[in-house]
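Student:
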Amino acid sequence: MGTAVFFHAHPDDEAIATGGVMAQSAAAGHRVVLVCATDGAVGEPAEGSVPEGSTLGAVRLAELQEAGAILGAARVEWLGYGDSGMKDEPSNDDPDCFWQADVETAAERLAAILRDEKADFITVYDSHGGYGHPDHIQVHRVGHRAAELAGTSRVYESTMNRDRMRALADFAFEGADDAPELAEQREEMRETEMGTPAEQITHEIDVSALVNEKRRAMAAHRSQISEESFFLTMPDEAFEAAFGAEYFIEIGARRAGESFEQDLFAGLGG
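Position 114 of the sequence shown, counted from 1, bears residue number 112 in my numbering, the numbering being contiguous throughout.
What follows is the structure, given as structure tokens:
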């Protein structure tokens, strides 16, 4: 059995991006470790989701623990950084936010976990963080450097299949012609530059058998993903089509043929 460290920017990113693989890995007997860089305190909370006397950051870290348990994480850690907010927001300049963190210092915090766990691999994000969020870009930088410091030779970049996202636009937004807001989201998805072209992706992991766990983990982040959200109101068939596969780029590897690789643990031994 192996040990995998899944490194994410904010509470809820883990459920959306790698929740299926995490649940699948745990179910197969592998050790799953979840590390989150920030507390997500700059997010917009759903109404009534932050109790009096608490903070959004504290609520989101509690939600992270709950989602981690659903996905089978044996260990959940927070690196201690603040949320940087979206690109070009004033919060990007907060000296305590992850975007402003010294890469070497942050990488050593993460490397300590990699060493302690004797991690077989780490997942980070692609070079533009999927969609350009400062904290996601910083996860890419810090994660790669931490792997170097810890001697973790296998690194996977979690990404989205840009070609598939464009192809799924009509299916995912069925009925959008009668809802202007959904129609606008459909057009954005048709033209998206998020993620990575399929030809650059090495791994497609089928997690369709675990989409219920993935959806439950998303729902645990109730301060950000309300019951009325796009994620949780999608018909089951549409949700499985949109979230039933997760994509990765293995650093230093290329696909041997037309088909994607299907196992992040392949070649690690017993």
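The C-beta atom is built at its ideal place from N, Cα and C for all residues, glycine as well.
Between which two residues does the alpha helix (DSSP H) harbouring HIS142 extend?
Tutor: Taking the first residue of the sequence shown as 1, we reach residue 142 at position 144. Element bounds for HIS142: 132 to 148.
Student: Who are the near neighbours of ARG113 in its chain, counting only those whose CB is closer than 7 angstroms to its CB and skipping five residues on each side?
Tutor: Position 115 of the sequence shown, counted from the start, is the residue given in the question as residue 113. Closer than 7 angstroms at Cβ, skipping near neighbours: ALA148.
Student: Assuming THR16 and THR121 make a contact with CB atoms under 8 angstroms, what is their CB distance in whole Å?
Tutor: The sequence position of residue 16 within the sequence shown is 18, counting from 1. The sequence position of residue 121 within the sequence shown is 123, counting from 1. Confirmed, about 6 angstroms.
Student: Assuming ILE120 is part of the beta strand (DSSP E), what are its boundary residues?
Tutor: Reading the sequence shown from its first residue, position 122 is the one you call residue 120. From DSSP, the beta strand (DSSP E) with ILE120 extends over 119 to 123.
Student: Please state the DSSP three-state secondary structure of ASP204.
Tutor: Taking the first residue of the sequence shown as position 1, residue 204 is located at position 206. Three-state DSSP puts ASP204 in a strand.
Student: Assign ILE247 to one of three DSSP states: helix, strand, or coil.
Tutor: Within the sequence shown, the letter at position 249 stands for residue 247. In the structure shown, ILE247 sits in a strand (DSSP, three-state: E or B).
Student: Have a look at GLU61, VAL30 and PHE96 and flag the residue whose alpha-carbon is nearest the alpha-carbon of GLU7.
Tutor: Residue 7 sits at position 9 when you count from the first residue of the sequence shown. Glu is not the amino acid found at residue 7; the sequence shown has Ala there. With distances taken between Cα atoms, ALA7 lies closest to PHE96.
Student: Just grab the DSSP bridge partners of SER156 for me.
Tutor: Against the sequence shown, residue 156 aligns to sequence position 158. DSSP, once it has assigned bridges, lists TYR123 and PHE246 as partnering SER156.
Student: From the DSSP output, in three-state form, read off PHE258 for me.
Tutor: Mapped onto the sequence shown, residue 258 falls at position 260. In this structure, PHE258 counts as coil in the three-state DSSP scheme.
Student: Scan the stretch 43 to 104 and note each continuous alpha helix (DSSP H) run of 4 residues or more that stays entirely inside, going in chain order.
Tutor: Runs found: 54 to 68.
Student: Which of the three DSSP states, helix, strand or coil, is assigned to LEU39?
Tutor: Along the sequence shown, one-based indexing puts residue 39 at 41. The sequence shown places Ala at residue 39, rather than the Leu named in the question. ALA39: coil per DSSP, three-state reduction.
Student: Please classify PHE237 as buried or exposed, where buried requires at least 16 other C-beta atoms within 10 Å of its C-beta.
Tutor: The residue given as residue 237 occupies position 239 in the sequence shown. By the neighbour-count rule (16 or more Cβ atoms within 10 Å), PHE237 is buried.
Student: Measure the C-alpha to C-alpha separation of PHE229 and LEU62 and round it to an integer number of angstroms.
Tutor: Stepping through the sequence shown from its first residue, residue 229 is reached at position 231. Stepping through the sequence shown from its first residue, residue 62 is reached at position 64. If you take the alpha carbons of PHE229 and LEU62, they lie about 17 angstroms apart.
Student: Taking the CB atoms as reference points, tell me whether ALA110 and LEU77 lie closer together than 8 angstroms.
Tutor: Taking the sequence shown and counting its residues from 1, one reaches residue 110 at position 112. Taking the sequence shown and counting its residues from 1, one reaches residue 77 at position 79. Cβ distance not < 8 angstroms, so ALA110 and LEU77 don't count as in contact.
Student: Thinking just about the alpha-carbon of each residue, which of ARG164, ALA56, ASP204 and ARG162 is nearest to the one in ASP37?
Tutor: Residue numbering aside, residue 37 sits at position 39 when the sequence shown is read from its first letter. The residue with the shortest Cα to Cα distance from ASP37 is ALA56.
Student: Could you check what DSSP says for ARG29 in three-state terms: helix, strand or coil?
Tutor: Within the sequence shown, residue 29 is the residue found at index 31, counting from 1. Of the three classes helix, strand and coil, the one that applies to ARG29 here is strand, per DSSP.
Student: Checking the sheet assignment: what are the DSSP bridge partners for VAL3?
Tutor: Your numbering for residue 3 matches position 5 in the sequence shown. Note: VAL3 sits in a beta bridge opposite VAL31 and ILE120.
Student: Let's see if you can read the secondary structure: which residues bound the alpha helix (DSSP H) around ARG213?
Tutor: Reading the sequence shown from its first residue, position 215 is the one you call residue 213. That run of the alpha helix (DSSP H) goes 209 to 218.
Student: In chain order, what residues of the same chain have a beta carbon less than 6 angstroms from the beta carbon of LEU54, not counting five sequence neighbours either side?
Tutor: For the purposes of this step, residue 54 is identified with residue 56 of the sequence shown, where counting begins at 1. Counting only Cβ-Cβ distances below 6 angstroms, and skipping sequence neighbours, we find ALA39, PRO43 and VAL48.
Student: Suppose you measure from the CA of GLY268 to the CA of PRO93; what does that come to, to the nearest Å?
Tutor: In the sequence shown, the residue the question calls residue 268 occupies position 270. In the sequence shown, the residue the question calls residue 93 occupies position 95. Low local confidence applies: a pLDDT of 48 at GLY268 is under 50, so the model's placement there is unreliable, with the coordinate-based value given in what follows. When rounded, the distance between both Cα atoms is 44 angstroms.
Student: Per DSSP, which one or two residues make a beta bridge with THR194?
Tutor: Taking the first residue of the sequence shown as 1, we reach residue 194 at position 196. Paired residue(s): ASN159.
Student: So, at 8 angstroms on beta carbons, what are the nonlocal neighbours of SER221 in its own chain, with the 5 sequence-adjacent residues on each side left out?
Tutor: Taking the sequence shown and counting its residues from 1, the one referred to as residue 221 is at position 223. Hits under 8 angstroms: GLY41, PRO43, ALA44, SER47, VAL48, LEU54, VAL57, ARG58 and GLU61.
Student: Applying the criterion that 16 or more other CB atoms from any shown protein chain within 10 Å of the CB defines a buried residue, is THR157 buried or exposed?
Tutor: The residue you call residue 157 lines up with position 159 of the sequence shown. THR157 comes out buried.
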